[in-house]
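Just so you know, our numbering puts 21 at position 21 of the sequence shown, and the rest follows in order with no gaps.
Below is one structure, written out as structure tokens, with a few remarks after it.
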Amino acid sequence: MKVKCPTCKQKIEWENNPFRPFCSERCKLIDLGAWAKGEYKIEGELDDEMASSN
């Protein structure tokens, strides 16, 4: 089965891909860096316990 890499959109083979869902370590690290810089976020309300710890 072929899927698109979420970073570069290149079509890649899913089976036996050590970096899936990415095509390479480079794309995996680009995605990790985007999370670290706050470019991605999960929307939603914080529950009471999470809100009090901030």
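Glycine is no exception: its CB is placed at the ideal position from the N, C-alpha and C atoms.
With a beta-carbon spacing of about 4 Å, Ile12 and Cys23 fall inside the 8 Å limit used to define contacts. Below 8 Å, too few C-beta pairs join the segment 32–42 and the segment 13–22 to call them touching: fewer than three.
The beta carbon of Cys5 lies closer than 6 Å to those of Ile12, Phe22, Cys23, Cys27 in the same chain, with the five residues before and after it left out. Taking C-beta separations shorter than 8 Å and ignoring five residues to either side along the sequence, the partners of Lys2 in its chain run Lys11, Ile12, Glu13, Trp14, following chain order.
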